[in-house]
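K.L.:
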Amino acid sequence: MSAIRCRQLCKTFKQGDEIITGLDHIDLDIETGEFVCLSGPSGSGKTTLLNAIGGLDTPDSGEIHMGDIRVDKLERGPLADMRLHHIGFVFQAYNLIPVLSAQENVEFVMEVQGVPVAERARKALDILKEVGLEGMEDRRPAQLSGGQQQRVAVARAIVSHPDLVLADEPTANLDSVSAAHLMGLFQELNENHRITFIISTHDKRVMSYAKRLIKMRDGKIIGDEAQ
Amino acid sequence: MTGLGSHFKIILTLSWRNLWRNHRRTAIMLGAISVGVWAMIFMTSLMRGMVDDMLNQGIRNLPGHIQIQHPDFLDDPSVVNSIGEPGGELLTALTQNGTRSWANRIRVPAVIASERESRGINLIGIEPAAEADITGLPAQISAGRFLESNQDKGVIIGAKLAERLETRLGKRVVIMSQDPDNNIAERGFRIVGIYQAELAAQEEFNVFAARATLQKLLKIEGLVSQIVLVDHDYRDVESLYRRVEAATPDGLEVKPWYEIDTYLAAMFNLMDGFVLVWVIIIFLALSFGLVNTLVMAIFERVREIGLIQALGMRPGLILYQILLESLLLLLIGLALGNLLALVTIKPLESGLDLSAVAEGMAMMGVGSVIYPSLTLYDVLLANVVVVLLGILTSILPAWRASQLDPVRALNTH
Ligand SMILES: Nc1ncnc2c1ncn2[C@@H]1O[C@H](COP(=O)(O)OP(=O)(O)OP(=O)(O)O)[C@@H](O)[C@H]1O
Ligand SMILES: [Mg+2]
Numbered sequence: 000m001s002a003i004r005c006r007q008l009c010k011t012f013k014q015g016d017e018i019i020t021g022l023d024h025i026d027l028d029i030e031t032g033e034f035v036c037l038s039g040p041s042g043s044g045k046t047t048l049l050n051a052i053g054g055l056d057t058p059d060s061g062e063i064h065m066g067d068i069r070v071d072k073l074e075r076g077p078l079a080d081m082r083l084h085h086i087g088f089v090f091q092a093y094n095l096i097p098v099l100s101a102q103e104n105v106e107f108v109m110e111v112q113g114v115p116v117a118e119r120a121r122k123a124l125d126i127l128k129e130v131g132l133e134g135m136e137d138r139r140p141a142q143l144s145g146g147q148q149q150r151v152a153v154a155r156a157i158v159s160h161p162d163l164v165l166a167d168e169p170t171a172n173l174d175s176v177s178a179a180h181l182m183g184l185f186q187e188l189n190e191n192h193r194i195t196f197i198i199s200t201h202d203k204r205v206m207s208y209a210k211r212l213i214k215m216r217d218g219k220i221i222g223d224e225a226q
Numbered sequence: 000m001t002g003l004g005s006h007f008k009i010i011l012t013l014s015w016r017n018l019w020r021n022h023r024r025t026a027i028m029l030g031a032i033s034v035g036v037w038a039m040i041f042m043t044s045l046m047r048g049m050v051d052d053m054l055n056q057g058i059r060n061l062p063g064h065i066q067i068q069h070p071d072f073l074d075d076p077s078v079v080n081s082i083g084e085p086g087g088e089l090l091t092a093l094t095q096n097g098t099r100s101w102a103n104r105i106r107v108p109a110v111i112a113s114e115r116e117s118r119g120i121n122l123i124g125i126e127p128a129a130e131a132d133i134t135g136l137p138a139q140i141s142a143g144r145f146l147e148s149n150q151d152k153g154v155i156i157g158a159k160l161a162e163r164l165e166t167r168l169g170k171r172v173v174i175m176s177q178d179p180d181n182n183i184a185e186r187g188f189r190i191v192g193i194y195q196a197e198l199a200a201q202e203e204f205n206v207f208a209a210r211a212t213l214q215k216l217l218k219i220e221g222l223v224s225q226i227v228l229v230d231h232d233y234r235d236v237e238s239l240y241r242r243v244e245a246a247t248p249d250g251l252e253v254k255p256w257y258e259i260d261t262y263l264a265a266m267f268n269l270m271d272g273f274v275l276v277w278v279i280i281i282f283l284a285l286s287f288g289l290v291n292t293l294v295m296a297i298f299e300r301v302r303e304i305g306l307i308q309a310l311g312m313r314p315g316l317i318l319y320q321i322l323l324e325s326l327l328l329l330l331i332g333l334a335l336g337n338l339l340a341l342v343t344i345k346p347l348e349s350g351l352d353l354s355a356v357a358e359g360m361a362m363m364g365v366g367s368v369i370y371p372s373l374t375l376y377d378v379l380l381a382n383v384v385v386v387l388l389g390i391l392t393s394i395l396p397a398w399r400a401s402q403l404d405p406v407r408a409l410n411t412h
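Respectively, the protein sequence lines represent chains A and B. Using numbering that gives the first Met the number 0, the first residue of the first sequence is number 0, and each one after it goes up by one. Using numbering that gives the first Met the number 0, the first residue of the second sequence is number 0, and each one after it goes up by one.
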């Protein structure tokens, strides 16, 4: 899996009679191993763009390439496989399966991938320790705070070293120490494992880790600069 | 393509835990399934018991399992259509191992008269020793005695008939019939026994006398109306039938019970259909609850379904997961229902006394005590129907869930 290319991406939403612009002719190239932050006011299209790149939502028009694959042309099944094997997701609002413990949530993706039991348990425990949740492995999401839940979600997204991590506001519920720790972890994975990160955020501290900062407004890219 | 096999554990975990998420709803649904399955099995065993009883009585009381007679006898049960007492090859076949019991019978229409009343009856000449094993008549004698030999001069009548004739044990009656030359044959008999049958109609019409006595009266020495055979189980008379048929001389007719009493045979054949219909009707009632439960369970976790889809679980696996959840519910319900059926049927093995409502039952040809009959076939049928149809009705809601749009599902509140 490698470079991401978006060409003339458009996405609109209908809300009653109103037509809302989600993405407005987006052209975007992201190379393997980049560390990108998306910023912009609420409603500017950050989540919509992440969903399109991650193959969760199909654009109305335009193309999305990931290496040789036309993401926007994939069927549901292959699209699910692509997400499973190549992308780690941190969603903005809802991330954890309530009937599974923290550790089981982290193991979930690996289990569906078919990673052997012992290996995935070891990886899950390591990563939970890394995000500061040692001792909370057996708690269900309802027994964790918002910030702890978010860290479980991050742990799940990165545990199996995907090619690409799409993180939507991953630090929204975190204090500055935890946020800094998480960003350090992302940075380490980015540098040592060449994992591509695309992170949407309002948080200035998060942006300071970015090597490239993309600004959005009204579904358009209005700024794109290396840092 | 990732198969179900490697994902079974995670799917099972999700299904099992989701099942117990809403305890109340699951408990209610389990209650409904188990009571439904119980009703399927319990009622079926009662129905089977009733029909068994009806058939056993019906068959034992007259036709036996197999009859040998003159080809015209069934259409015209007159003394003209008699046959010789069995001999030669047939006698060997009858007495050989494997035939449980057999007896010669004479059956002619007759009139019985007391000093006050007279009635048309079915006069039956029996061989007391052999007959005892076939009809259970000796056990039904409520006053007096059973016939003692083939030459016994007494007669046994039903309690109902005694009432109609305004006569009683020890009194004399006159029985009148015709001999083969159409001459009136009549004789006085002393009532030596009164019997009480489960079926009121029999008490009124069947009158029993000794075989040799009737042969003399009707001038048919050496002849009988029919030979009746009884095997071990009315469901399985084929081999005996073939053996006897092969040994029977030409010109005689051999018939199994289901060709003689077509009403009983139809009853018997319809039973499987009745059971299936009954099981399906109960299932239909259940299916509404099942579908509703499933739809609610899915509705409550649309976001989760969106999430696991977004994370890369294929729609097919989501379908399996929900079907498995439904299957678990069904299997637990079935286990409880089967158990419930077993513990309620076991204590009734000695019979369920329905004498309070038995008058109506006797009319249908059923005794007042039902012995539930639990067969593996019926239990399997109920279980298979519930599992198969249960899964079938779960497919649509499960398929819908698997086709949810992940982004939209994730953003549902
Ligand atoms: N399912 C939807 N139906 C209708 N409108 C939608 C839908 N999803 C997004 N939108 C609209 O599309 C636009 C872009 O939304 P998007 O969620 O991408 O914004 P965002 O940049 O992620 O905002 P935030 O920072 O608040 O998360 C917004 O105007 C939003 O209201
Ligand atoms: Mg957003």
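Note that beta-carbon positions come from the ideal geometry of N, C-alpha and C, so glycine has one too.
1. Would you tell me roughly how many angstroms separate the C-alpha atoms of residue 0 of chain B and residue 10 of chain B, rounded to the nearest one?
2. Near residue 54 of chain A, which residues of its chain fall below 7 Å by C-beta distance, leaving aside the five closest residues on each side in sequence?
3. Kindly list, in the order they appear in chain A, the residues whose Cβ is closer than 7 Å to that of residue 17 of chain B.
4. I'd like to know whether the C-beta atoms of residue 387 of chain B and residue 14 of chain B end up nearer to each other than 8 Å.
5. Let's see if you can read the secondary structure: which residues bound the beta strand (DSSP E) around residue 64 of chain A?
6. Please state whether DSSP places residue 26 of chain A in a helix, a strand or coil.
7. Beta-carbon of residue 371 of chain B versus every beta-carbon of chain A: anything under 8 Å?
8. Quick test of the definition: if touching needs 3 or more C-beta pairs under 8 Å, does the segment 289-299 of chain B touch the segment 235-255 of chain B?
9. Which chain B residues sit within Cβ distance under 7 Å of residue 111 of chain A?
10. Less than 8 Å between the C-beta atoms of residue 44 of chain B and residue 346 of chain B, yes or no?
11. Determine the extent of the alpha helix (DSSP H) in which residue 398 of chain B is found, giving its start and end residues.
12. Using a threshold of 8 Å, state whether the C-beta atoms of residue 444 of chain B and residue 204 of chain B are closer than that.
13. Indicate, with yes or no, if ligand 1 has a heavy atom lying under 7 Å from the CB of residue 91 of chain A.
14. List, in chain order, every chain A residue whose beta-carbon is nearer than 9 Å to that of residue 307 of chain B.
15. Just checking: is the beta-carbon of residue 409 of chain B within a distance shorter than 8 Å of some beta-carbon in chain A?
16. Under the rule that 16 or more other beta-carbon atoms within 10 Å means buried, what is residue 247 of chain B, buried or exposed?
17. Establish whether the CB of residue 333 of chain B and some CB of chain A are separated by less than 8 Å.
18. Return the chain-ordered ranges of every beta strand (DSSP E) run that is complete within the segment 161-210 of chain B and spans a minimum of 3 residues.
19. At the level of alpha carbons, what is the spacing between residue 403 of chain B and residue 409 of chain B?
20. How about residue 170 of chain A: is its Cβ closer than 7 Å to a heavy atom in ligand 1?
21. Could you confirm whether any beta carbon from chain A is found closer than 8 Å to the beta carbon of residue 265 of chain B?
22. Return the first residue and the last residue of the alpha helix (DSSP H) that residue 72 of chain A is part of.
23. Spell out a yes or no on whether the segment 107-114 of chain B and the segment 158-173 of chain B are touching, meaning 3 or more CB-CB pairs, one atom from each, closer than 8 Å.
24. Counting beta carbon pairs with one atom in the segment 155-163 of chain A and one in the segment 102-113 of chain A, are three or more of them shorter than 8 Å?
25. Quick one: which chain B residues come within Cβ less than 7 Å of residue 56 of chain A?
26. Got a sec: is the Cβ-Cβ distance from residue 27 of chain A to anything in chain B below 8 Å?
27. Is there at least one non-hydrogen atom of ligand 2 closer than 7 Å to the beta-carbon of residue 45 of chain A?
28. Taking C-beta pairs closer than 7 Å, name the residues in chain B that residue 71 of chain A reaches, listed in chain order.
29. List the residues of chain A whose Cβ lies closer than 8 Å to the Cβ of residue 23 of chain B, in chain order.
30. Under 8 Å between the Cβ atoms of residue 375 of chain B and residue 37 of chain B?
31. Below 8 Å between beta carbons: does that hold for residue 95 of chain B and residue 226 of chain B?
32. Per DSSP, which residues does residue 228 of chain B bridge with? Please list them.
33. Have a look at the DSSP bridge pairing and note the partners of residue 222 of chain A.
34. Where do the ends of the alpha helix (DSSP H) carrying residue 298 of chain B lie?
P.N.:
Straight from the coordinates:
1. For the purposes of this step, residue 0 of chain B is taken as the residue at position 1 of the second sequence. For the purposes of this step, residue 10 of chain B is taken as the residue at position 11 of the second sequence. At residue 0 of chain B the pLDDT is 41, less than 50, meaning the model places this residue with poor confidence; the figure from the coordinates comes in the next sentence. Using only the alpha carbons, I get a separation of about 17 Å.
2. As a working note, residue 54 of chain A is residue 55 in the first sequence. Cβ within range, chain order: 70, 73, 78, 81, 82.
3. For the purposes of this step, residue 17 of chain B is identified with residue 18 of the second sequence, where counting begins at 1. 98, listed in chain order.
4. Indexing the second sequence from 1 puts residue 387 of chain B at position 388. Indexing the second sequence from 1 puts residue 14 of chain B at position 15. No, the Cβ-Cβ distance between residue 387 of chain B and residue 14 of chain B is not below 8 Å.
5. Reading the first sequence from its first residue, position 65 is the one you call residue 64 of chain A. 60-65 is the extent of the beta strand (DSSP E) around residue 64 of chain A.
6. By 1-based counting over the first sequence, the position of residue 26 of chain A is 27. Strand.
7. As a first step, residue 371 of chain B must be located in the second sequence, where it is residue number 372. Residue 371 of chain B does not count as touching chain A.
8. Result no; under three Cβ-Cβ pairs closer than 8 Å.
9. As a first step, residue 111 of chain A is located in the first sequence; it is residue number 112 there, counting from the start. In chain order: 6, 9, 311, 312.
10. To locate residue 44 of chain B, count along the second sequence from 1; it is residue 45. To locate residue 346 of chain B, count along the second sequence from 1; it is residue 347. For the pair residue 44 of chain B and residue 346 of chain B, the CB atoms are not nearer than the 8 Å cut-off.
11. One-based indexing of the second sequence puts residue 398 of chain B at position 399. From DSSP, the alpha helix (DSSP H) with residue 398 of chain B extends over 375-401.
12. Missing from the structure shown is residue 444 of chain B; chain B here goes from 0 to 412 and no further.
13. What you label residue 91 of chain A is simply residue 92 of the first sequence in a count that begins at 1. True, at least one ligand heavy atom lies under 7 Å from that Cβ.
14. Counted from its first residue, the second sequence places residue 307 of chain B at position 308. Going along chain A in sequence order, the residues near residue 307 of chain B (Cβ under 9 Å) are 96, 107, 111.
15. By 1-based counting over the second sequence, the position of residue 409 of chain B is 410. Yes, residue 409 of chain B lies at the interface with chain A (some Cβ there is under 8 Å from its Cβ).
16. Counting from one through the second sequence, the residue named residue 247 of chain B turns up at place 248. Buried, because 16 or more other Cβ atoms sit within 10 Å of the Cβ of residue 247 of chain B.
17. The residue labelled residue 333 of chain B in the question sits at position 334 within the second sequence. Closer than 8 Å: no.
18. Counting only runs of 3 or more, we get 171-177, 183-194, 205-209.
19. As a working mapping, residue 403 of chain B is identified with position 404 in the second sequence. As a working mapping, residue 409 of chain B is identified with position 410 in the second sequence. Rounded to the nearest whole angstrom, the C-alpha separation of residue 403 of chain B and residue 409 of chain B is 10 Å.
20. Indexing the first sequence from 1 puts residue 170 of chain A at position 171. No, the beta carbon of residue 170 of chain A sits no closer than 7 Å to any heavy atom of ligand 1.
21. For the purposes of this step, residue 265 of chain B is taken as residue 266 along the second sequence, with counting starting at 1. Residue-level contact by beta carbon fails for residue 265 of chain B and chain A, as no gap is shorter than 8 Å.
22. Working through the first sequence from its first residue, we reach residue 72 of chain A at position 73. No alpha helix (DSSP H) contains residue 72 of chain A, which DSSP labels as neither H nor E.
23. Taking a cut-off of 8 Å for Cβ pairs, the segment 107-114 of chain B and the segment 158-173 of chain B touch, as three or more such pairs fall below it.
24. Between the segment 102-113 of chain A and the segment 155-163 of chain A there are three or more C-beta pairs closer than 8 Å, enough to call the two in contact.
25. Along the first sequence, read from residue 1 onward, the residue named residue 56 of chain A stands at position 57. Residues of chain B passing the Cβ test: 406.
26. One-based indexing of the first sequence puts residue 27 of chain A at position 28. Answer no: the Cβ-Cβ gap between residue 27 of chain A and chain B never drops below 8 Å.
27. Position 46 of the first sequence, counted from the first residue, corresponds to residue 45 of chain A. In terms of side-chain proximity, the C-beta atom of residue 45 of chain A is found nearer than 7 Å to a non-hydrogen atom of ligand 2.
28. Within the first sequence, residue 71 of chain A is the residue found at index 72, counting from 1. Here the premise fails: no neighbours, minimum Cβ distance about 14 Å.
29. Translated into positions along the second sequence, residue 23 of chain B becomes position 24. None at all; the shortest Cβ gap to chain A is about 17 Å.
30. In the second sequence, counting from the first residue as 1, residue 375 of chain B sits at position 376. In the second sequence, counting from the first residue as 1, residue 37 of chain B sits at position 38. No, Cβ-Cβ distance for residue 375 of chain B and residue 37 of chain B is not below 8 Å.
31. Residue 95 of chain B sits at position 96 when you count from the first residue of the second sequence. Residue 226 of chain B sits at position 227 when you count from the first residue of the second sequence. For residue 95 of chain B and residue 226 of chain B, no; Cβs fall outside 8 Å.
32. In the second sequence, residue 228 of chain B corresponds to position 229, counting from 1. DSSP lists B/65, B/101 as partners of residue 228 of chain B.
33. Stepping through the first sequence from its first residue, residue 222 of chain A is reached at position 223. Residue 222 of chain A is bridged to A/214.
34. For the purposes of this step, residue 298 of chain B is identified with residue 299 of the second sequence, where counting begins at 1. If you look at residue 298 of chain B, you'll find it in the alpha helix (DSSP H) that goes 261-299.
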